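Accompanying notes for the structure given below.
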Amino acid sequence: MKKRILSGITPSGDQLHIGNYFGAVAPQIKLQDTHETYYFVADLHALTTVHDRMQLEKNITGVVLDYLALGLDPSKCVFFRQSDVAEHAQLAIVLANYISYGQMKRMHAYKDKLQTGASEESINMGLFNYPILMAADILLYKPYGIPVGEDQRQHIELARDIAESFNKTYHTTTFPLPEPLISKEVGRIVGTDGERKMSKSLGNIIGIFDDEKLIEKQIMGSYTDPLRLKATDPGRVEGNPIFLYHDLMNDNKEEVEELKKRYREGTVGDVEVKQKLVAAHMHKFGPAREKRAELASKMELVRQILSEGAKKAKEIAQVTLAEVYNTVGENGLK
Ligand code: AQP
């Protein structure tokens, strides 16, 4: 029997970036062939930041098209929208009772927000409760593993804590503990500022499906080796984000090795290295970019994929929720 895998993506923006792709989406797509996979668009999570109805819909559609274009195959996995399966929200309400307020205050989504100078008054409860809803997203399907980026590790640990606390309270084995499946190499792709995690909200991203001109601008503006003042200075390749991106995106490995050699010697300029990266990006994602444009003209088919996915997801979600309701009350909850 295949082991079960689950992961979600929040449509907080209308497109994925290469950090999302290499850190999470590519490993998720690979797992479709060897595991029983459940992937969903976490639209309820997006409400923590997106309060414009049109924008929310645009983001959801964008992320769904991105995933399908990048290789998510609905004949191999279950792909659905979180809000189509009401059990996610129902289970979150129950699970909130098995975790303390103190532990929730230590969750980084909330703490990071405070550190950016936001006042407690300005932080909505959706953001504070985000990890509980995420625990429900996960535990509902009793998966073996969760393929995500490093930034999600703490949330998976919280899901494990909640599962343990619930199991212990009722002396049951209702929830198996999910394993974080996080790559050491690509679990945290650095942004074009060369410092922080690539993130939409930090504006340090390289898109996948954006207009070529914008992608070129993002790549040309990327941080390289700050100690290298002119093209004839020997440059540092290790830890240089442009070369990390070349390693990830440039399928022409000979060209990458040649560029690294010339960079170390001081015989190639940053501009050439970056221009070659733009070309490599277009080559790598060209087929997906075409597929996305084609899918965008078949929205009825896309809606059908999500609706069939939701039906399959619901079959499992209903069974787990009923099990939980029967566990917490002698005659069950209704
Ligand atoms: N830089 C990254 N490197 C590796 N993996 C990453 N992920 C995100 N950024 C990187 C992984 O992508 C998946 C989807 O992420 P999400 O839906 O939680 O979006 P996010 O983490 O909120 O993405 P951003 O760009 O960082 O959004 P903002 O700025 O809005 O917070 C997850 O598996 C995540 O780990």
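All you need for our numbering is the position in the sequence shown, starting with 1, plus 27.
Positions of the beta carbon are idealized from the N, C-alpha and C atoms, including for glycine.
Remember, it's a predicted structure, so these values are computed and weren't measured experimentally.
By alpha-carbon positions, which one of the options ends up nearest to residue i?
i: G218; options: D93, N358, I269 and D100; result: I269
i: Y168; options: A349, A136 and G234; result: A349
i: V300; options: H310, L286 and A116; result: L286
i: P101; options: A344, N353, G336 and E342; result: G336
i: G214; options: V351, V175, G356 and N353; result: V175
i: Y171; options: E148, E191 and F202; result: F202
i: V91; options: L360, Y137 and K318; result: K318
i: I216; options: L275, S228, F193 and M326; result: L275
i: H62; options: R31, E292, N267 and G359; result: R31
i: I242; options: P253, Y272, E284 and G262; result: Y272
i: L33; options: E292, E281 and L204; result: L204
For residue i, count neighbouring Cβ atoms within 10 angstroms of its own Cβ and tell me buried if that reaches 16, exposed if not.
i: I126; result: buried
i: I232; result: buried
i: L58; result: buried
i: N124; result: exposed
i: Q142; result: exposed
i: S324; result: exposed
i: H44; result: buried
Are the C-beta atoms of residue i and some chain B residue less than 7 Å apart?
i: A349; result: Reference to chain B is not applicable here, since this structure consists of a single protein chain.
Quick one: grab the DSSP three-state call for residue i.
i: I232; result: coil
i: P268; result: helix
i: L33; result: strand
i: G218; result: coil
i: G172; result: strand
i: V351; result: helix
i: F193; result: helix
i: F67; result: strand
i: L74; result: coil
i: L208; result: strand
Under 7 Å Cβ to Cβ from residue i, same chain only, skipping five residues before and after it: list those, please.
i: D237; result: Q42
i: V112; result: A337, A340, K341 and A344
i: V121; result: V351 and V355
i: A73; result: T37, P38, S39, L83 and N86
Return the chain-ordered list of same chain residues with a C-beta closer than 6 Å to the C-beta of residue i, the five sequence neighbours on each side being excluded.
i: I182; result: The sequence given here places His at residue 182; Ile does not occur at that position. Around H182: P158 and M161.
i: L95; result: L322
i: K140; result: I150
For the ligand SAH, is there any heavy atom lying closer than 6 Å to the beta carbon of residue i?
i: R223; result: Looking at this structure, you won't find the ligand SAH anywhere; what it does contain is the ligand AQP.
My understanding is that residue i touches residue j, with C-beta atoms under 8 Å, so please give their C-beta distance in whole angstroms.
i: M134; j: L185; result: 7 Å
i: S210; j: P54; result: 6 Å
i: S110; j: T76; result: Between T76 and S110 the Cβ distance is about 16 Å, and since that is not below 8 Å, they are no contact.
i: L304; j: I246; result: 5 Å
For residue i, I'd like the list of residues in its chain whose CB is within less than 8 Å of its CB, leaving aside the five on either flank, ordered along the chain.
i: D60; result: K103
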